[in-house]
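Colleague: Please read through the structure below; I'll follow up with questions.
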């Protein structure tokens, strides 16, 4: 089974080396790193190009992160994909191997799987997001429920559905809400990755974020709100994770 790590970069020379090291040091062998650069001028490409044999790298203009992700997906060949920012990183050299232990036997109807996500500033951990299935579904009624940098998406789904490039911030929320059903998510008992805080998507006062969330809620969430609420209730009553029994 192969895993695609998708990264959109633009002038990220200060941060990209830590992500690169966390990927290159993975103990699981069948990984590809697909990088879509938006035309960096700060030395980012000078860091990445010497490793051209280990990175699927293209540098060209794009209209934003979701356009870049879509372009990267055109070149991705994995069975599952995870999307990491240039200042994110995998927390352990065994992160992918540990997730593979569970994903290799995930039922075919599972489209998304998520683990725990560490967050912080300047690479220093300040908080861990470790949501139950009930919390994930409940949060989808108001905002993105999944910790996206710790979420794997099945590639067969990404081949059929892509990110809406009209979004600037909430495209991941739109995508996840679009494909969400009451039973197509599983939780991985793994701390997967670290996400650097400080972007506009972390600012609750952002007008763009507020407007885009409303758009997703009306277009994607409202039509399936009953299904989401029922799933949240069901998981609140039964939080057993069938994957935890896998040897």
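Residue numbers (our numbering): 158 to 404. Beta carbons are placed, not taken as given, at the ideal position from N, Cα and C, and that holds for glycine. Every value quoted in this text rests on a predicted model; they were computed, and no experiment measured them.
Could you check how far apart the C-beta atoms of residue 232 and residue 166 are, in whole angstroms? I think they sit under 8 Å.
Modeller: About 15 Å separates the two Cβ atoms, so there is no contact after all.
Colleague: Taking the beta strand (DSSP E) that residue 350 falls in, what are its first and last residues?
Modeller: It spans 342-353 - the beta strand (DSSP E) in which residue 350 sits, taken as one unbroken run.
Colleague: Alpha carbon to alpha carbon, what distance is there between residue 273 and residue 186?
Modeller: One C-alpha to the other measures close to 22 Å.
Colleague: By alpha-carbon positions, which one of 297, 227, 349, 340 ends up nearest to residue 371?
Modeller: Considering only alpha carbons, the answer is 297.
Colleague: Just confirm the distance between the C-beta atoms of residue 350 and residue 282, as a whole number of angstroms; I'd bet it's less than 8 Å.
Modeller: No, residue 350 and residue 282 are not in contact; Cβ-Cβ is about 11 Å, not under 8 Å.
Colleague: Short check: CB of residue 183 to CB of residue 253, under 8 Å?
Modeller: Taking 8 Å as the Cβ cut-off, residue 183 and residue 253 qualify as a contacting pair.
Colleague: Taking the C-alpha atoms as reference points, what is the distance between residue 160 and residue 257?
Modeller: Computed Cα separation, rounded: 9 Å.
Colleague: One question on the structure: do residue 271 and residue 202 come within less than 8 Å of each other, judged by their Cβ atoms?
Modeller: Contact: no.
Colleague: Residue 333 and residue 312 - do their beta-carbons sit closer together than 8 Å?
Modeller: For residue 312 and residue 333, no; Cβs fall outside 8 Å.
Colleague: Going straight from the alpha carbon of residue 105 to that of residue 288, what length do you get?
Modeller: The requested residue 105 is not part of the displayed model; the chain covers only 158 to 404.
Colleague: Between the alpha carbons of residue 164 and residue 241, how many angstroms are there, rounded?
Modeller: Their Cα atoms are separated by approximately 5 Å.
Colleague: What do you reckon, are the CB atoms on residue 369 and residue 324 nearer than 8 Å?
Modeller: It is a contact, given that the beta carbons lie within the stated cut-off.
Colleague: Per the DSSP calculation, residue 201 is bridged to which residue(s)?
Modeller: In the DSSP output, where bridge partners are listed per residue, residue 201 has none listed.
Colleague: Can residue 222 and residue 308 be called in contact, C-beta distance under 8 Å?
Modeller: Not closer than 8 Å, so no.
Colleague: Could you give the DSSP three-state label for residue 325: helix, strand or coil?
Modeller: Residue 325: coil per DSSP, three-state reduction.
Colleague: Are the beta-carbon atoms belonging to residue 244 and residue 169 less than 8 Å from one another?
Modeller: Yes, they are a contact pair.
Colleague: Mind checking residue 177: buried by the 16 CB within 10 Å criterion, or exposed?
Modeller: Classification for residue 177: buried.
Colleague: For residue 342, which residues in the same chain have their Cβ closer than 6 Å to its Cβ, ignoring the five residues on either side in sequence?
Modeller: Excluding positions up to five away in sequence, the list reads 269.
Colleague: Looking only at C-alpha atoms, which of 337, 348, 172 sits nearest to residue 384?
Modeller: It is 337 whose Cα lies nearest to the Cα of residue 384.
Colleague: If you run the structure through DSSP and keep just helix, strand and coil, what is residue 410?
Modeller: Lying outside 158 to 404, the shown extent of the chain, residue 410 is not represented and no answer is given.
Colleague: With a cut-off of 8 Å on the beta carbons, I'd call residue 255 and residue 389 a contact; round off their distance for me.
Modeller: Actually they are not in contact, since the Cβ atoms of residue 255 and residue 389 sit about 27 Å apart, beyond 8 Å.
Colleague: May I ask you to report which of helix, strand or coil DSSP gives residue 381?
Modeller: Residue 381 falls in the helix class under three-state DSSP.
Colleague: Is the beta carbon of residue 348 less than 8 Å from the beta carbon of residue 275?
Modeller: Their beta carbons are under 8 Å apart, which means residue 348 touches residue 275 by this criterion.
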